[in-house]
Each structure stands twice: as structure tokens, then as C-alpha cells.
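Structure first, commentary second.
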Amino acid sequence: MSSGVFNRMLRHRGAGAGLAFLGLLGAAALLAPAITPFDPAAQALDAGLSGASAAHWLGQDRLGRDILSRLLFGGRISLAVGLGTVALSIVPGTVIGALSGFFGGRIDTLFMRLCDLLLAFPGLLLAIAVTAMLGPSLPHVIFALSALGWVGYARLMRGQVLKVREMEYVQAARATGAKPLRLIARHVLPNALSPLIVEATFGIGRAVVAEAGLSFLGLGVTPPTPSWGSMIAEGRHFLFIAPHLTLAPGIAIMLTVMAFNFVGDGLRDAMDTRTAGTTAVRDGR
Amino acid sequence: MPVQSRKWTRIPALLGLLALVALAGPGCRQKLPVDEGTVVIALSGAPSALDPRIATDAYSEQLLQMTHAGLLRRDPGGDLVPDLASSRESRSPTEFVFRLRPGIRFHDGRELTSKDVRYTFEWILDPKNRSPHKAAFDKIVGIETPDRLTVRFRLREPFAPFAAEMTRGIVPVNTAARGYAPPIGAGPFRVEDVEPGDSVTLARFDGYFGGRPAVSRVVVKFIPDSTLRFLELKMGSVNFVLNGIDPEMLPEIAKNGNLVIEEAPGSNASYLGYNLKDRFLSDARVRRAIAMAIDRDAIVRTLWKGKADKADSILAPGFWAHEAGLPEIPFDLRQAKRLLDEAGYRDPDGDGPAVRFTLTYKTSQNALRLRIATAIQDQLRKAGVGLDVRSYEWGTFFGDIKSGNFQLYGLTWVGLRDPDIFHLAFHSKMVPPSGANRNRYGNDEVDRLTEAGERETDRGKRKRIYARVQEILARDLPVFPLWINRNILVRDRRLAGFTITPDEDYSYIRFMTVSPPAPGAAR
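Right under this line is the structure:
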């Protein structure tokens, strides 16, 4: 991302705030073992369901565990799943989409029919089936969410490549005798990536929600590891007598997803070639 | 000034409207089931079958207690008394004769005779029907019906639990289908409507031989989520829940003026199951150490809010076969650590995070069970034993337990009514699928004693046999009995007449009455 894009993005209302929040969250999650006042698994059964206090700022859950500590440690899981899923989806998605769009023909038909087939599966349902089969654990959740996650990136990439490969500079490079793989790597990909980066930011937000859903169903991490989804699942039985158990992780999920979406919006506006005034598209017209 | 005068005339009109609303308020409120004399019961799950010949799960049995009748039934004290039968006699330990009451009718008006009784048990015994109850009756070698009201059972050998099995519901002759419909029986209520997975509506059976029930209609809803059960109780759309409300929610219930909480002794025994074929758990010292590292008092006090009592056997203390004075396993972390050291599993870093070994603990997805598992995980960590808690949907979980695919598990014995459970659960030949020896326990003396207990018909002698069995089990610890839950009933204030028995017998719904609303009462 060039510094121009970054500066334009920061001017976007919300994106700057989103980025600041995510920076804070990332730092808190990274430093969780050092900054949390309590072990997130340490129980105090007799203090179960206690409200906020000087020692426990967000109160204690049913087993007397500190909610703030669990929230910060849970943030690690959410961010790991969000980033892990997108990383694991975007790489095969980009490669398949680029090959498909650049070469066309049978390769394109084969990959795109595969995409159609996979898109016919309901995503979360497949993730539930995969984690139920493999057993609940963090890597399994990331794998389950990426199993279908790459399809969207592949289709987006293919569309971009179809457009970019007809550009004059690509045609010129081809005329000078550049090999297909070099063409893709040097000329097509760099000019087709922007929408994927924007899509990836939204993808992280979606993965955070999906992880919360899986953990809520008991298919995410195993106890006593905290995750925002499992915190909500544990808390919902006490919604009427101790709403803080569900409110804290609920608000955390909402803010995190909102932050990623704001950043995505900002990136889109900053990278949008029409508003940014780059010449690439105009040249093609 | 015309404008002002109009303003003033509006005020009495407004007041009149308010008064009307206030008067109409109580009358306009939505009519609740209890206002129409209907009892609405919430069960935590749906029954698998409304056929006494094949049903085994607790929810089915609870529904069948209202719709079907057997030769014998249990009185509130747990003793067997005649039901369809007017008398029973045993001419020898292998021969039982039941005399039916005359004029008993099924829900469809047919008379219930000895032929129906013979048909029911012959159907269960017919291998092609694959009834899960076949093993309970396989000592029967002949069923005779000398006349319309007499049934004679001949057994291969004396079998003490036989009478207890005679509580099974009788179905009309020639109802060949598994899960026949409509599920006609001779119980106090007939099935009026079935919404699979959702609810069953029962209507009182006017021709019930034990007297017409006072309640005209009983709706049984299946609500797996405890929060939903709580909400429906609060709203009044459910008015009877036995053992289905989380202990934490009881103070909230107590605040509701329309609901009453009743507490009575229970018999459901929660236990920790060990796999005796496991390399760590085959050592009795390890099993004892794990038991000693669990602080049951803390769990009962906090997670059960005191609505359970520590157990020393899988039989509840009120039960005749329960052996009083079994040695208690105390919560003793030091002794637990010493036993583990003795068994050769030293803690690599003392009280540090590294563990001696890690075991997998399997449980269902029930929120309270999972919470208990997490509490036990924390307690065992203090003794240096790591626990990997895995919760599964019921079918997978129970399948794993039966097939021996586990190290530790938490489960509850529901509805224990005869000490023959010790044969079913601890005889070496009763490993599933033959029985319920899920822990793969084998002890020659227990085998001999539980076989003798089945043949012995004298209750005093049986008690002595099972006392010895319980002593051996308390020493060997193939399972660690955790606690016996108390029975907690939450009901609408206007329902009365239900007797809570330790085994949660729903047949007492037939004695329930609904009182009319107090004048001016509003929800």
C-alpha cells in the first residue's frame, strides 16, 4: 500500500478510528499475558456472577473467572482466526483466480465450475460439519472457515484479471515476449490486487463473527481457553441475572467487526481509481 | 373562551377512558392455559417413542407414566403395589400369578384382559421386534392366561427384579407396529395430539379405572433450552417444570408471585466414570487420587446452589438397598498428590503449570454439565492432573461411552428403582451392548454377589448382599459417585395435589387440581 493510499484512507471518517481501535486491540491481545491482572482460567467458584469491582473491572463469570482477562485473551483467538482465515483463503484464491482469468479456456471453466459448486454450500453449515468432524480446536476452526473462504477471492481476482489483461501495458509486455507467469506476476497481479485487499478487511470481520458463532455452538476452542463466542454461550444462561457476562464479549465483537469494516470502507475509497484519479482505467477506455 | 372550555370538557372524558382501561385491564389480559384448567409441562427433551415396549429414555418413560398402566406401580414410598392387577401371588420363586381388576378399559373402549398382558410381553420377547427391554424379561419361559383376568408367568430361575419390571405399560393385543399410533394405553390420560419434536397434548381419560383425573388437559412441551423454560414459566405459557430450571434461576422464580418452588429428595445420581482399561486409570490409586482432588462441597454449594447432596453410592440414601456408613472420600489435595506420586506419576515442576499426565473428560453439551467439567478441570490441575474437556452432542457422547472410547466422563443415573443396577452396571459380563458396565469393571466377588442378588427374593438378605457390593465398589472406585440431585418442582400457585417422588414419577399428575383465579388477581 503506497503512502498516498494510506494518507487518503486516514482522511476517511471512521477508518482512522477503526485503525486506532484495531491497533489497540492488537497490542492488548499480544501483550495479554503481561497486562491482564488475572489468569483467565483461574476460578473462584464462590465469587461466581459477581458484578464489576475494583479488582475485577468487568466482573466475574459463573466460575468466578475475571471477565476482563478472558476478554483480552479471547481477543487473541478472534484476531488469530480472523487473520489466519483470510491469509489461508486469499493465497489460493488469488492464485486460482489469476490463472483462471489469465488463461481462460478449460482452466477457467474447471476452476469456475468448482467455485460454483462450493458456493452452493452454506458456508457456516460446512464449517460446523468440518469442526464437528475434526473436533473443536483453533487450527480446525481456521481450516473450516478457509475451506470455502478462498472462493470469493478467486472470483474477484478472476474478474480483475480479465479486465487488466486487456490493458495496453499488458499487451505491450506480451508483445516484447514476456512469458505468461512473468506477465501475471509483474504486470497483472499488482494492478488487480486493490479490491482483494479491501475484500480481505471485510473478510476478517466476517471470520471474527463466524468464529464467535462456532464457539457459541461449542465447536470452537475447548475450555478453559476463552473466546468471545464461548463467553457469550456461557453467559446467555444468566442473561436475566448477570447480563454483563454476555454484554462484554458482545460489545467486543461488535466493535472489532465495525472497526474492520470502517477500515475496509476507507481503503476502498482511498484505492478507488475513479475517485483517486489514477490513469490506469482511463487509459483502458 | 371557547377553546379553553373545550379543553376542560376533555378532562372528564379522558378520566373516563382511563377508568375504562383500568377496569378492562385484568379482564383483557391474555387467557393463560392455567385459566382454562390446562396443565402445561415442559420437559427438557423430546421422547424417542410413545410405546412402552421400546421406549428407554427418561422423557418417553415420563410421558408413558401418564398414558399407560402396568400390572404393578410404585407408591410414593417406592414400594410396588397392584395397579392393573388387583392381586399378585407368588406360589414359588419362579411362578407369579396376577389377577386383573375386572372392567378395565383401554382409551379406545376395548376391555383390557389377560390376552393384552400376554401379547405385550410376548412382543417384547420376540427377537424380531428387537425390543431393548428383552433382556429384562428373558427369564420368562411361559406366559399363561387360564382365564380373561388371570396371567401366570413362569421363570427359568428365581429373579428378584422381576416384580419391578412388571410396572411396564400394557398395550392392546395386535398392535404389532413399533411405536404404534395412536399410542393407546389404559393410563389416566389419552394422547389427543402429537406434534413431533414439539409437544404432545393429553386429554383426561374418563374411563380410567383409578378414577377420572381432575385436570381435563395436559400439554407436554419439549423445550431443550433452560432459559426458554424459565421464560415460559414466567410468562405462564408453561406452568409445571420438574428438574428443568437452573439452580441460579430459582431466586428469580421465587420473586414471581404466581410460581411456587417445591423441593424433595431425589434419586438421580451424578457420577464420574473411569475407563478401567486405560493405562493411567487402571490403577486404583490414580482413581482415588482424582476423586480426592475434586472439591464436591464447593461444586454443590456454588454450581448446584445446595440443591444436591454428596453421594457415597449410586443409590440415594433414602432407598432401602442403600448401605449407610460407607467410607466417605474426603477432599484432600495432599493425599491425592501423595497417591499419584506413589503410583509413579510425579509432578515434573511441583505446583507449576506442567502436569503429571493429561486425561480427556467427555461430557454432553448441557451447559451445567460443561460448567461442572470446567470446575473439575481447574481442581484437578491443582493436583497436577491435566484435563482436556470435550463436550459432544448427546448421541456422539453416549455412543463413545458405550463403546469404551473415553478416559473420564460425567453422567447421571436416572430413575434407579432396583439394586439390580449393580448387576447391569458392574458385572463383568455386562459390558455394552449386553449391559451398562461402561467402565469395563471386573471383580469376581461382585459378579457372584450381583448374580446371587438377582436370585434372592428376601429383601433383608438382598440388602446384605448389596451392602457388600457397595463396600467393594467404594474401595475399587470403578465410578466415583459425585452427588444425588434434589428434585425441584416449579409450578403455578394454582396447581395442587402433585406428589414429588424420588424417581420423578409423572403419573401423579392424575391427582392434580387447578384452583380458579383469586378475584381481581392479575399477572
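Going down the list, the sequences are from chains A and B. Mapped onto our numbering, the consecutive letters of the first sequence carry residue numbers 1 to 285. Mapped onto our numbering, the consecutive letters of the second sequence carry residue numbers 286 to 808. Quick reminder that beta carbons are idealized off the backbone N, C-alpha and C, glycines included. Owing to the predicted nature of the structure, the values given are computational and were not obtained by experimental measurement.
Asked                                                                                                                                                              : Found
Do you know offhand how far residue 66/A's Cα is from residue 131/A's?                                                                                             : 28 Å
Check whether the Cβ of residue 747/B lies closer than 8 Å to any Cβ atom in chain D.                                                                              : Chain labels in this structure do not include chain D; the protein chains are A and B.
For chain A, check one thing: does any of its Cβ atoms lie closer than 8 Å to the Cβ of residue 323/B?                                                             : no
Rounded to whole angstroms, what's the CA-CA distance from residue 514/B to residue 336/B? Just pull it up for me.                                                 : 26 Å
Residue 251/A: buried (16+ other C-beta within 10 angstroms of its C-beta) or exposed?                                                                             : exposed
When the Cα atoms are used, what is the spatial distance from residue 39/A to residue 9/A?                                                                         : 38 Å
From the beta carbon of residue 45/A, is the nearest beta carbon of chain B less than 8 Å away?                                                                    : yes
Could you tell me which whole alpha helix (DSSP H) segments of length 4 or greater appear in the segment 204–258 of chain A?                                       : 228–235
What are the partner residues of residue 595/B, as DSSP defines its beta bridges?                                                                                  : 768/B
Can you give the Cα-Cα distance for residue 189/A and residue 166/A, rounded to whole angstroms?                                                                   : 13 Å
Give the secondary structure of residue 815/B by DSSP, where H, G and I count as helix, E and B as strand, and everything else as coil.                            : This structure does not reach residue 815/B, given that chain B is present from 286 up to 808, and the question cannot be answered.
Sorted by chain position, which residues of the same chain lie with C-beta nearer than 8 Å to residue 260/A's C-beta, five sequence neighbours on each side aside? : 18, 22, 82, 201, 202, 204, 205, 208
Taking the alpha-carbon of residue 293/A as reference, which of 578/B, 677/B, 521/B has the nearest alpha-carbon?                                                  : Examination of residue 293/A is not possible in this model, given that chain A is present from 1 through 285 alone.
With distances taken from CA atoms, which of 774/B, 559/B, 786/B, 367/B is nearest residue 246/B?                                                                  : Given a span of 286 to 808 for chain B in the structure shown, any question on residue 246/B remains unanswerable.
How big is the Cα-Cα spacing for residue 378/B and residue 569/B?                                                                                                  : 39 Å
How would you list, in chain order, the residues of chain B whose beta-carbon sits under 8 Å from the beta-carbon of residue 218/A?                                : 650, 655, 676
Going by C-alpha distance, which of 392/B, 557/B, 783/B, 407/B is nearest residue 694/B?                                                                           : 557/B
Check whether the Cβ atoms of residue 424/B and residue 447/B sit closer than 8 Å, and answer yes or no.                                                           : yes
Applying a beta-carbon distance threshold of less than 7 Å, which residues of chain B neighbour residue 237/A?                                                     : 511, 512, 531, 652
For the beta strand (DSSP E) containing residue 428/B, list its first residue and its last residue.                                                                : 425–432
For residue 240/A, count neighbouring Cβ atoms within 10 angstroms of its own Cβ and tell me buried if that reaches 16, exposed if not.                            : exposed
Apply the 10 Å Cβ neighbour rule to residue 341/B and answer buried if 16 or more other Cβ atoms are within range, or exposed otherwise.                           : exposed
Quick check: is the beta carbon of residue 537/B nearer than 8 Å to any beta carbon in chain A?                                                                    : yes
In terms of residue numbering, what span does the beta strand (DSSP E) encompassing residue 697/B cover?                                                           : 693–698
Express the C-alpha separation of residue 219/A and residue 252/B in angstroms, rounding to a whole number.                                                        : Look at the range of chain B in this structure, 286 to 808, and you will see that residue 252/B is not part of it.
Could you compute how far the alpha carbon of residue 648/B sits from the alpha carbon of residue 684/B?                                                           : 12 Å
Can you list the beta strand (DSSP E) stretches of 3 or more residues lying completely in the segment 432–516 of chain B, in chain order?                          : 435–440, 474–480, 484–489, 502–507
Where do the ends of the beta strand (DSSP E) carrying residue 348/B lie?                                                                                          : No beta strand (DSSP E) contains residue 348/B, which is instead part of the alpha helix (DSSP H) from 343–352.
On a CA-only basis, which of 404/B, 409/B, 367/B, 491/B is nearest residue 449/B? Give me that one, please.                                                        : 367/B
Apart from the five residues just before and just after residue 700/B, which ones in its own chain have a Cβ nearer than 8 Å to its Cβ?                            : 343, 346, 552, 553, 788, 789
Name the two residues that bound the continuous beta strand (DSSP E) containing residue 645/B.                                                                     : 642–649
In the segment 569–588 of chain B, which residues sit with their C-beta less than 8 Å from some C-beta in chain A, listed in chain order?                          : 583, 584, 586, 587, 588
If distances are taken between C-alpha atoms only, which option among 525/B, 747/B, 370/B, 520/B comes closest to residue 773/B?                                   : 525/B
In angstroms with no decimal places, state the Cα-to-Cα distance between residue 332/B and residue 482/B.                                                          : 8 Å
How big is the Cα-Cα spacing for residue 656/B and residue 63/A?                                                                                                   : 8 Å
Quick one: list the residues of chain B neighbouring residue 189/A, beta-carbon separation under 8 Å, in chain order.                                              : Those do not exist, as residue 189/A stays about 43 Å from chain B at its closest Cβ, beyond 8 Å.
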